[in-house]
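Peer 1:
In mature numbering (1 follows the signal peptide of the UniProt record, and there is no 0), the protein residues as written are -16 to -1, 1 to 738.
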C-alpha cells in the first residue's frame, strides 16, 4: 500500500490502457458423423469480424524480460506496481524454449455458446440482435448457405464428455511440447501479466481469471485459453491472438476445438490442425506482420509486397522477409533475382486468403489453407516466425517438403500449366505418377457450373479446371485410393507380368515393360511401381531382382526377360544424398546466414565473408555496447538490437499503450480496430468515473471505442476494479481519518482512468 501511495504522490498520472477484441467464426458444413479428411481454416473470417466497429483485435500489456537493456531507474518507475524492482544478469542465451500455459477453466461453461445437452440452441458468432434463438439457424446447405452469426442446434456429437476432454488435454499438451522444442523466446521475468480488459473475454471469448490480472501467470511466455464450442463443416478448431506485449509478440490467445472432432479417428488430423492454428496465434497472421521486428528491434519496413505479376496475370502478395526468401531459394532451387518472395494465398475467401501460404506452391505444407494428415512443417514457416524478431527457430524440427523441391525459379513464377513432369497433367485419359512418385494417380479435371477466374483458365473451356480452388484450379496427378507404391499391403496387388513390386523402397515410374511372350494391353506406355535405391551418388532401379544404374538426368533402361523399357527419373527426384547441381548456388549455402542470389552471398546483419561464415559486431556496436569475443554486441543499458543502435523507451510508453520505435514512443489509434481518435468533449457524455479527468483537457484527443456502450463497459470492467485495487476501502478509511482522502482519491482515479 505504501508503495502504491508513493507512486500516486510522485507521479500522479502513470497510465495504462487495456484493450480488447472479439472472436467469431464461420465454416462450411458436412454431415455429422461424416469422415473428415482435412481441416479448413477460418482464421481470417474471425479476424475480419473482430475488426468491425467497436471491437478490437488485441490488447497490449507490457512485460518485463530477463534479457532487457532498460535501465534500473526506468524499471523502478515503470514496473513498481508489478512488484519488479531489480534487473537480473543477462543469461548466456537470451532466448529460451517457449513456455505455453494451457487454461481449461472455460471449457463447457458458456450457457449460450457451449453445447451442454442435445437440442440446445447456441450461438455461432454473433446472430443479429433482433433475432430470437433459432430464427436464423446455421444452414450450410441452404441457398444461400449460412455458416456463422447464426444459431446452432446441438447434437450428441457436440457434447464434450470426459473422454473428449481427455483427448483435448492430450492433444493440446502435445502441441505445447512441440512448440517448446521448436521455438525459443526471450523469457518473461516473473509472472506473465495480462490485461484486465482482455479481448480474450469478449464476444463469446474467454474472460481472463482475476488472478491472471492481479498476480500474473507463473512460468509462462504465452497463455492459451481453451474452449470447446461447436463449429460447422470440416473446421476442427480455430485460434487467434488476443493480447500482445510491448514488442507485438502474442502473450495470450484463444483456442477453440470442436467437440465433434475430438475422436480417435480424427486424432492425427487434430494434431496437425492444432499446430496450424497455434501458428496463427504466434505470428502467422497478416495483422501481426505490422509488428514484426528486424535484428535491430525496429519495426520492419517491409514484410510483404503487393504487385501485379504479368506472367500470372493478377495481383499477388509475397512475403519478402529475409529468412523466408533464403529458405525458399534453397527449397525450390530458385537462386535467380527474379524470385523476390514467397506467395501468400489469394483464394479460398476471407477464411484463408492472406493468412496462409499459396497452396499451388506449397501444397501439403501445414500453413496452407487446408490441413490433412500428410501436412508437414517446412523451414519457410519456421523462418517466418523467426523473421518476426520474437523467436529463434529450431530448424531440425522442420519436415521435408517434397512439393516443388528443386523445381527452380520458373516453378514459382510461371502459371502451373507450364510446369514440367508430374506437376502438370491435361487429360483424364491417362494415368501417371504423383509428384513425389509415391503413388500412381489420375488427372482430376472438373467441369464447373460457372466460368473460372481468367487467370485460372488452362483449357479452351472456361469452366474446366482442377479440383482445388486453393491451388488455383491447377491440374496435377492425384493418387488413386489403391495406387500407393510404398504400401506393400495395398488393396491392388503388384502386376508381376510388368515386373512391379510394392513396398517402402518402391516408387512410381513410367514404363512399357512386359514379360517376353506377353502383350501389355491397350496401353503400350503406362506406369508401374518399381524398387529403387541410392548408391554412391547413383540412382539404381530393379526389375525381377536385377539392378540397373540410371543416368543422372534419367532415361530409359532395359531388362532381360522383358520387352519395352523403364524410364528412370532424374537422380535428384529420388535421391537426396550428395549435392544437387542447381544454377546459381552459393558456397556452403551461405551457412544459412545470408541470402544467395546468382551465386553470391548477401549476408544478414552480424555476418560477413564470402560464405557468411564469420560473425562481427555491426558498426562496432555504435558506441552503445561492447563487442564480445564471439562477435556479438553486448549493449549497455538503454539500448538494444544486434548493433545496439536502437534506443529503449521508458516503460511508461508501453504502460500507456504505446509502441517504442528507436526511443520514440508512438501511439497510433489506427493500430487498434474499432477505436478512433476523439476529442475529450465528445466522450464526456459516455463517461461517469473518468468524466472529471477528461474535463481538465477538453481540447485533448483520446483513442477510444467508437461505440459508447463499449466505453461504458470499459469503465465498469477495468477502471473501477483498478481504482479499488489502487485505493482499497481500508486505505480510504485510514487516509480520510488522518489526512482527508480527496488527493489520494483523485490520484487513484486518474491512474485508473489513464
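By construction, the Cβ of each residue, glycine as well, lies at the ideal position given by its N, Cα and C atoms.
Keep in mind it's a predicted model, so treat the numbers as computed, not measured.
Once DSSP output is grouped into helix, strand and coil, what is the label at residue 326?
Peer 2: strand
Peer 1: Per the contact definition of three or more C-beta pairs closer than 8 Å, is the region 372 to 382 in contact with the region 412 to 424?
Peer 2: no
Peer 1: Should residue 732 go down as buried or exposed, given a rule of 16 or more other Cβ atoms within 10 Å for buried?
Peer 2: buried
Peer 1: For residue 96, is the classification buried or exposed, using 16 other Cβ atoms within 10 angstroms of its Cβ as the cut-off for buried?
Peer 2: exposed
Peer 1: Can you give me the C-alpha to C-alpha distance between residue 452 and residue 437, rounded to a whole angstrom?
Peer 2: 13 Å
Peer 1: What are the start and end residues of the alpha helix (DSSP H) that includes residue 196?
Peer 2: Here the alpha helix (DSSP H) through residue 196 covers 194 to 198.
Peer 1: Residue 465 to residue 385, Cα distance in whole Å?
Peer 2: 22 Å
Peer 1: Kindly indicate which three-state DSSP category residue 267 falls into: helix, strand or coil?
Peer 2: coil
Peer 1: Mind checking if residue 297 is an interface residue toward chain D, Cβ cutoff 7 Å exclusive?
Peer 2: The structure shown contains no chain D; it is built from a single protein chain.
Peer 1: Have a look at residue 586 and residue 579 and give me their C-alpha separation to the nearest angstrom.
Peer 2: 5 Å
Peer 1: Between the region 190 to 200 and the region 602 to 620, can you find at least three pairs of beta-carbon atoms closer than 8 Å?
Peer 2: Segments in contact, no.
Peer 1: How far does the alpha helix (DSSP H) with residue 147 in it reach, from first residue to last?
Peer 2: 146 to 166
Peer 1: Rounding to the nearest angstrom, what Cα-Cα distance links residue 336 and residue 589 in this structure?
Peer 2: Per-residue confidence for residue 336 stands at a pLDDT of 48, beneath the threshold of 50, marking its modelled position as unreliable; the derived number appears in the next sentence. Rounded to the nearest angstrom, the two C-alpha atoms are 33 Å apart.
Peer 1: Check each candidate in 503, 124, 554, 477 and name the one with the smallest Cα separation from residue 521.
Peer 2: 554
Peer 1: In whole angstroms, what separates the C-alpha of residue 649 from that of residue 244?
Peer 2: 47 Å
Peer 1: Residues in its own chain within less than 6 Å of residue 260 by CB, not counting five upstream and five downstream?
Peer 2: 350, 355
Peer 1: Is residue 445 helix, strand or coil by DSSP?
Peer 2: Collapsing the DSSP output to three states places residue 445 in coil.
Peer 1: Let me know if residue 103 comes out buried or exposed under the rule of 16 or more other beta-carbons within 10 Å of its beta-carbon.
Peer 2: exposed
Peer 1: Please work out which residues of its chain come closer than 8 Å, Cβ to Cβ, to residue 205, disregarding the five sequence neighbours upstream and downstream, and give them in chain order.
Peer 2: 82, 83, 84, 169, 171, 172, 176, 235
Peer 1: Go through the region 409 to 488 residue by residue and report every complete run of the beta strand (DSSP E) that reaches 3 residues or more, in order.
Peer 2: 423 to 426, 462 to 468
Peer 1: Any idea what DSSP makes of residue 598, helix, strand or coil?
Peer 2: strand
Peer 1: Do residue 791 and residue 237 have their C-beta atoms closer together than 7 Å?
Peer 2: Outside the displayed span of the chain (-16 to 738) sits residue 791, for which this structure offers no information.
Peer 1: Which residues in the same chain have their Cβ closer than 6 Å to the Cβ of residue 47, if we skip the five residues on either side of it in sequence?
Peer 2: Excluding sequence neighbours, residue 47 sits near 172, 229.
Peer 1: Measuring straight from C-alpha to C-alpha, what distance separates residue 14 and residue 338?
Peer 2: Note that residue 14 scores a pLDDT of 35, beneath 50, so its modelled location is shaky; the value from the coordinates is reported in the next line. Rounded to the nearest angstrom, the two C-alpha atoms are 25 Å apart.
Peer 1: For residue 644, write down the residues that DSSP places opposite it in a beta bridge.
Peer 2: 649
Peer 1: Is the separation between the beta-carbon of residue 340 and that of residue 327 shorter than 7 Å?
Peer 2: no
Peer 1: So what's residue 136 in DSSP terms, helix, strand or just coil?
Peer 2: Of the three classes helix, strand and coil, the one that applies to residue 136 here is strand, per DSSP.
Peer 1: Could you compute how far the alpha carbon of residue 482 sits from the alpha carbon of residue 472?
Peer 2: 16 Å
Peer 1: Would you say residue 211 and residue 90 are within 7 Å of each other, going by their C-beta atoms?
Peer 2: yes
Peer 1: For residue 490, count the other beta carbons within 10 Å of its own beta carbon; 16 or more makes it buried, fewer makes it exposed. Which is it?
Peer 2: buried
Peer 1: Assuming residue 396 contacts residue 316 under a Cβ cut-off of 8 Å, what Cβ separation, rounded to an integer in Å, is found between them?
Peer 2: 6 Å
Peer 1: Is it a yes or a no for the region 588 to 602 touching the region 277 to 293, going by three-plus beta-carbon pairs under 8 Å?
Peer 2: yes
Peer 1: What is the rounded straight-line gap between the Cα of residue 223 and the Cα of residue 121?
Peer 2: 24 Å
Peer 1: On the three-state DSSP scale, how would you describe residue 356?
Peer 2: strand
Peer 1: Which of helix, strand or coil does DSSP assign to residue 301?
Peer 2: strand
Peer 1: Per DSSP, which one or two residues make a beta bridge with residue 236?
Peer 2: 207, 227
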